[in-house]
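Asks:
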Amino acid sequence: MANLVVYPDRHSFIDGTADFIVDLVAQAIAERGRFTIALSGGGTPRPIYARLATAGYRDRIDWSKVRIFFGDERCVSPDDALAGSNYRMAREVLLDHVALPPDHIHRIQGEIDPVQAAMIYEQELQALFRTSTFPTFDLICLGLGDNGHTASLFPGTAALREQMRWVVPQYVEVMATWRVTFTAPLINAARHSAFLVEGAGKAEVLWRVLEGPYQPDVLPAQLIQPVNGQLHWLVDAAAAAKVRPL
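In my numbering, the protein residues as written are -18 to 227.
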């Protein structure tokens, strides 16, 4: 069962989502001694990560027990500002401003061959989670593209049909670029998956994903259906303008 939370404005969306993450961190550390989170890229989460880096939020988190991962990455240099490295964005607004042990930050190597980068990241996850089945992240943050994609699971791509791999390379034709992405089964194994959606420009696609026919090859975000975890839609009122309460 999905949980839809609608915030009245952008400010409350940013603060509310930051509070949501802080609460999950405390819960996970109390229950299991650590918190594992996969960050998403794009413009929507940037101010949320920045809020987590402010004194009022960062001091509420025991960063020594947090491990940071990435749900997908563009195949670019981690220092490339123009190409939009997800790691670079997170580092600039969050990672450089909190007391995270350097070895608790696990980035995808977007600067190397995408096939190799996906394989290396999957092996790193296997070693850290010590499981041969899909790992259970405490939280995977997700965006929602105008075309219904999430992570780098784009409409009509082979990655949508992957059932065994944890991490795969994917060439995205419409963007003429390579990406490395978590697969849907990995995302669906998380304790919590949270779509972060903001703005009137997302109202149509959000309505289609939540209330339209099930067409995951057209709207890949519909593939996200947690097996044992919880699915959260954290959205502002503008993005939720067309949807009914869940």
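Where a beta carbon is used, it is the ideal one built from N, C-alpha and C, also for glycine.
Go through the stretch 70 to 128 residue by residue and report every complete run of the alpha helix (DSSP H) that reaches 4 residues or more, in order.
Replies: Taking only runs of at least 4 residues, the alpha helix (DSSP H) segments lying wholly in the stretch 70 to 128 are 95 to 110.
Asks: Below 7 Å CB to CB, which residues in the same chain sit around Ala34 once its five sequence neighbours on both sides are set aside?
Replies: Taken in chain order, the residues that qualify are Val74, Leu75, His78, Val79.
Asks: In terms of residue numbering, what span does the alpha helix (DSSP H) encompassing Phe1 cover?
Replies: Note, Phe1: alpha helix (DSSP H), -9 to 13.
Asks: Name the DSSP bridge partner or partners of His231?
Replies: Here the chain comprises residues numbered -18 to 227, so residue 231 is not present and cannot be evaluated.
Asks: Whole angstroms are fine: how far does the CA of Gln97 sit from the CA of Val3?
Replies: Those two C-alpha atoms are separated by around 34 Å.
Asks: Output the boundary residues of the beta strand (DSSP E) element that contains Val181.
Replies: As written in the sequence, residue 181 is Ala, which differs from the Val given in the question. Unbroken run through Ala181: none, as it is neither H nor E.
Asks: What span of residues does the beta strand (DSSP E) with Tyr152 cover, start to end?
Replies: Start and end: 148 to 153.
Asks: Tell me whether Leu227 is buried or exposed, calling it buried when 16 or more other Cβ atoms sit within 10 Å of its Cβ.
Replies: Flag for Leu227 reads exposed.
Asks: Can you tell me the Cα-Cα spacing of Arg189 and Ala202, whole angstroms?
Replies: Approximately 10 Å between the Cα atoms of the pair.
Asks: In chain order, which continuous runs of the alpha helix (DSSP H) of length 4 or greater are located wholly inside the stretch 32 to 71?
Replies: 36 to 39, all fully within the stretch 32 to 71.
Asks: Per DSSP, what are the beta-bridge partners of Ile18 in this structure?
Replies: The partner list for Ile18 (beta bridge, DSSP) reads Ile49, Leu120.
Asks: Using beta-carbon positions only, say whether Asp60 and Arg69 come within less than 8 Å of one another.
Replies: For Asp60 and Arg69, yes; Cβs fall inside 8 Å.
Asks: Hey, Leu123 and Ser21: beta-carbon distance below 8 Å or not?
Replies: Cβ atoms of Leu123 and Ser21: closer than 8 Å.
Asks: Cβ of Trp214 within 8 Å of Cβ of Leu(-15)?
Replies: Contact: yes.
Asks: Once the 5 residues before and after Glu103 are set aside, which same chain residues still bring their CB inside 6 Å of it?
Replies: Only Trp147, Val148 meet the Cβ criterion.
Asks: In whole angstroms, what is the alpha-carbon distance linking Glu179 and Ser45?
Replies: Each residue's Cα considered, the two are about 31 Å apart.
Asks: Between Arg160, Ala181, Leu141, which has its C-alpha nearest Gln196's C-alpha?
Replies: Of Arg160, Ala181, Leu141, the residue nearest in Cα terms is Leu141.
Asks: Between the Cα of Gly137 and the Cα atoms of Phe115, Val155, Met145, Phe51, which residue gives the shortest distance?
Replies: Nearest C-alpha to Gly137: Val155.
Asks: Using the C-alpha atoms, what's the distance from Ala171 back to Gln211?
Replies: Those two C-alpha atoms are separated by around 8 Å.
Asks: Out of curiosity, what's the CA-to-CA distance linking Trp228 and Gly91?
Replies: Only positions -18 to 227 of the chain appear in the structure, and residue 228 is not among them; the question remains open.
Asks: Where does Gln144 land, buried or exposed, given buried means 16+ other C-beta within 10 angstroms?
Replies: Answer is exposed; the Cβ neighbour count stays below 16.
Asks: Return helix, strand or coil for Ala(-17), following the three-state DSSP convention.
Replies: Strand, per DSSP.
Asks: Taking a contact to mean a Cβ-Cβ separation below 8 Å, would you say Ala218 touches Asp(-10) in this structure?
Replies: The answer is yes: Cβ separation under 8 Å.
Asks: Check for me: the alpha helix (DSSP H) holding Pro26 runs from which residue to which?
Replies: Taken as a continuous stretch (DSSP letters only), Pro26 belongs to no alpha helix (DSSP H), as it is neither H nor E.
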